[in-house]
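Residue numbers (my numbering): -18 to 99. Here the structure is laid out as structure tokens; the discussion comes afterwards.
The structure is reproduced here in structure tokens:
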């Protein structure tokens, strides 16, 4: 990809074929505008190893913790603070946030899509 910008996020980066941490980049090509990917640290140089993978980063673990907590409250029924429809609404909204993040990462949501899901 000729058109890309670089973001250094070493902490969770996989390693390239040279054993170096890969770098998160953003594609600015016509086919993949603003789509993020991981590439070799030496990307753009002749000696790069051509490591490449599309990158979708979501805080999935946090969503699982929240959803499991909501489900526990729904089945516990001990204090009756939350009703089942409130739990269902919370799970639905979390699903919408996850869907929005995935669609943004894949480049399927334009400004109108962001407005609708905001």
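Quick reminder that beta carbons are idealized off the backbone N, C-alpha and C, glycines included.
C-alpha distance - residue i paired with residue j, whole-angstrom precision
i          : j          : result
residue 72 : residue 37 : 21 angstroms
residue 26 : residue 20 : 12 angstroms
residue 83 : residue 17 : 11 angstroms
residue 23 : residue 12 : 23 angstroms
residue 78 : residue 6  : 23 angstroms
residue 74 : residue 53 : 17 angstroms
residue -3 : residue 28 : 13 angstroms
residue 9  : residue 80 : 22 angstroms
residue 76 : residue -5 : 27 angstroms
Of the residues the options, the one placed nearest residue i, counting alpha carbons only
i          : options       : result
residue 69 : -5, -4 and 48 : 48
residue 67 : 51, 80 and -5 : 51
Residue environment, residue i, which counts as buried when at least 16 other CB atoms sit within 10 Å
i          : result
residue 15 : exposed
For residue i, the first and last residue of its enclosing beta strand (DSSP E)
i          : result
residue 4  : 4 to 9
residue 0  : Per DSSP, residue 0 belongs to no beta strand (DSSP E) and is neither H nor E.
residue 17 : 14 to 20
residue 36 : No beta strand (DSSP E) contains residue 36, which DSSP labels as neither H nor E.
Report yes or no: do three or more beta-carbon pairs, one from the region 24 to 36 and one from the region -9 to 11, lie closer than 8 angstroms? yes
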